[in-house]
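Worksheet for the structure shown next.
Residue numbers (the numbering used here), protein chains in the order written: chain A, 1221 to 1350; chain B, 193 to 556.
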């Protein structure tokens, strides 16, 4: 079974969201998602200051197999993309919840975070897919 | 219901991710596609290619039949065991399939190895054109096939074979095969590395796979097979060429035997017409110099104008860069751009192959 930290929120499109407690959240893809994609070889992160809508394609992760859009779980403004992924895209494979984070954003409405999936609900979605 | 090779349970036991391919359930990778790719470039890897289809063609007219059906000329096969790569064309010069043909006996015994997804079509194509030729066409579904590839592949495989078979296998020149007791060992492959492709009775294949595994040969999936062949500049049927695109626009002119001029192979007239045409597109390699990953079907641009399309692309682990094969308008020069998600990204036009025998052949 893949690793699913209980303190994160999740989306049905396999992103995770961490509340940084400073008005920003960090977004990445789940352990299950990186495993399904295979070796990741390129990541296109969003530019700082870009305004994104909820469920808008905001980054691209390319594995040896294919390119996959990463959807912003919440509406808001991008404050930082993970520049280290330019040289080490495989950090998403080896450390999906830490070094492999993809972008940080300031949500327009922090309250919307509560509407995302918890670990148990996401785990059920993954189980139903397989 | 997808077909399964005799090694299916071995793949499952090794933790393979299985995917549908050409009607078969095949391993994509066993954990890391890139590590499998590197194992073949640096050491030795093995692929279950039992989905590929051997077809034996025998009889007094076997040579005449294949000289009519194939764009390359089997009359070039002068010694038993010699192999030839060829396209089998339709009347308009498109490719029905690409294949390897081996001469098995001086009296016109041949073995073709054709692609999995096209095997039924190929057999029907051959059957429909046999009239007037005294030939027997036999599909060999009773055989399985393992490709062992890499700089140490031959040496490690030899330790897994009976002594007599090992000796004759090690003596093989490239693109030659030897047979012993129903086993057929060829020094061929689809990775750009040295190695063997071994055809053997399906009920022996699990044993061979197991001893190769014990000898340190790494199991590799279709994912690594695709990046290895792409770096080696080898075409994939249905992607780089097909029924609508023939060898002249797929970098395969070297496989057409124009001489002797009187040999009337199927597709010849159409090829001769295209050969002289100024419209004929070129088949080139691309090396991405900007950021991103090249993928099949992306548009190639030159000074903002659409000039072609990528047929195969991806990340090349040996080069640590993205590369592609592309069909483009003639005379583009040394650089172009590729449309990646709406943005033009610069690339260099190079001559494939990108990698052979572990060596990088393009300037990075």
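Ideal Cβ positions, reconstructed from N, Cα and C, are used throughout, including at glycine.
Residue i (DSSP reduced to helix, strand or coil)
{"i": "residue 266 of chain B", "result": "helix"}
{"i": "residue 1295 of chain A", "result": "coil"}
{"i": "residue 296 of chain B", "result": "strand"}
{"i": "residue 436 of chain B", "result": "coil"}
{"i": "residue 221 of chain B", "result": "strand"}
{"i": "residue 360 of chain B", "result": "helix"}
{"i": "residue 556 of chain B", "result": "coil"}
{"i": "residue 1284 of chain A", "result": "coil"}
{"i": "residue 539 of chain B", "result": "strand"}
{"i": "residue 401 of chain B", "result": "helix"}
{"i": "residue 525 of chain B", "result": "coil"}
{"i": "residue 230 of chain B", "result": "helix"}
CA nearest to the CA of residue i, picked from the options
{"i": "residue 459 of chain B", "options": "B:376, B:248, B:217 and B:289", "result": "B:289"}
{"i": "residue 1319 of chain A", "options": "A:1229, A:1248 and A:1224", "result": "A:1248"}
{"i": "residue 302 of chain B", "options": "B:318, B:250 and B:346", "result": "B:250"}
{"i": "residue 476 of chain B", "options": "B:456, B:455, B:457 and B:502", "result": "B:502"}
{"i": "residue 414 of chain B", "options": "B:484, B:394 and B:232", "result": "B:232"}
{"i": "residue 1336 of chain A", "options": "A:1223, A:1224, A:1231 and A:1226", "result": "A:1231"}
{"i": "residue 1331 of chain A", "options": "A:1225, A:1222 and A:1241", "result": "A:1241"}
{"i": "residue 518 of chain B", "options": "B:509, B:512 and B:531", "result": "B:531"}
{"i": "residue 291 of chain B", "options": "B:320, B:248, B:297 and B:284", "result": "B:248"}
{"i": "residue 152 of chain B", "options": "B:433, B:535 and B:462", "result": "Since the first residue of chain B shown is 193 and the last is 556, residue 152 of chain B is not available in this structure."}
{"i": "residue 1224 of chain A", "options": "A:1348, A:1349, A:1322 and A:1343", "result": "A:1343"}
{"i": "residue 203 of chain B", "options": "B:461, B:264, B:313 and B:397", "result": "B:397"}
Residues near residue i by beta carbon distance below 8 Å, same chain, minus five either side
{"i": "residue 323 of chain B", "result": "none"}
{"i": "residue 499 of chain B", "result": "492, 493, 520, 521, 524 and 528"}
{"i": "residue 1272 of chain A", "result": "1266, 1278, 1292, 1295, 1296, 1297, 1298 and 1325"}
{"i": "residue 1228 of chain A", "result": "1236, 1237, 1238, 1317 and 1339"}
{"i": "residue 195 of chain B", "result": "215, 216, 217 and 243"}
{"i": "residue 1211 of chain A", "result": "The displayed coordinates of chain A run from 1221 to 1350. Any statement about residue 1211 of chain A would go beyond what the structure contains."}
{"i": "residue 547 of chain B", "result": "233, 384, 423, 424, 508, 510, 511 and 553"}
{"i": "residue 198 of chain B", "result": "242, 336, 394, 395, 397 and 398"}
Range of the contiguous alpha helix (DSSP H) that encloses residue i
{"i": "residue 142 of chain B", "result": "The question about residue 142 of chain B has no answer here: the residues shown for chain B are numbered 193 through 556."}
{"i": "residue 314 of chain B", "result": "311–320"}
{"i": "residue 1252 of chain A", "result": "1251–1257"}
Residues near residue i in its chain [Cβ-Cβ closer than 7 Å; skip 5 each side]
{"i": "residue 1299 of chain A", "result": "1244, 1268, 1324, 1325 and 1326"}
{"i": "residue 1281 of chain A", "result": "1249, 1257, 1260, 1263, 1288, 1290 and 1312"}
Continuous beta strand (DSSP E) stretch holding residue i: start and end
{"i": "residue 382 of chain B", "result": "No beta strand (DSSP E) contains residue 382 of chain B, which DSSP labels as neither H nor E."}
{"i": "residue 518 of chain B", "result": "513–520"}
{"i": "residue 1273 of chain A", "result": "Element bounds for residue 1273 of chain A: n/a, residue is neither H nor E."}
{"i": "residue 1264 of chain A", "result": "1260–1264"}
6 Å CB neighbourhood of residue i in its chain, flanking five on each side removed
{"i": "residue 328 of chain B", "result": "250 and 251"}
{"i": "residue 390 of chain B", "result": "338 and 377"}
{"i": "residue 307 of chain B", "result": "289 and 429"}
{"i": "residue 225 of chain B", "result": "415 and 416"}
{"i": "residue 254 of chain B", "result": "300, 302 and 327"}
{"i": "residue 485 of chain B", "result": "507 and 514"}
{"i": "residue 393 of chain B", "result": "374"}
Taking any Cβ of chain C, which residues in the stretch 1255–1285 of chain A have a Cβ under 8 Å from it, in chain order?
No chain C is present in this structure, whose protein chains are A and B.
At a Cβ cut of 7 Å, what residues of the stretch 456–485 of chain B count as close to chain A, listed as they run along the chain?
484 and 485
Positions along the stretch 218–235 of chain B whose CB lies within less than 7 Å of some CB in chain A
221, 224, 225 and 226
Which of the residues in the stretch 414–437 of chain B, read from start to end, lie with their CB under 9 Å from any CB of chain A?
415, 416, 418 and 419
Scan the stretch 498–514 of chain B for residues whose Cβ lies nearer than 7 Å to a Cβ of chain A and list them as they occur along the chain.
506 and 507
Interface positions of the stretch 245–271 of chain B facing chain A (Cβ-Cβ less than 7 Å), listed along the chain
none
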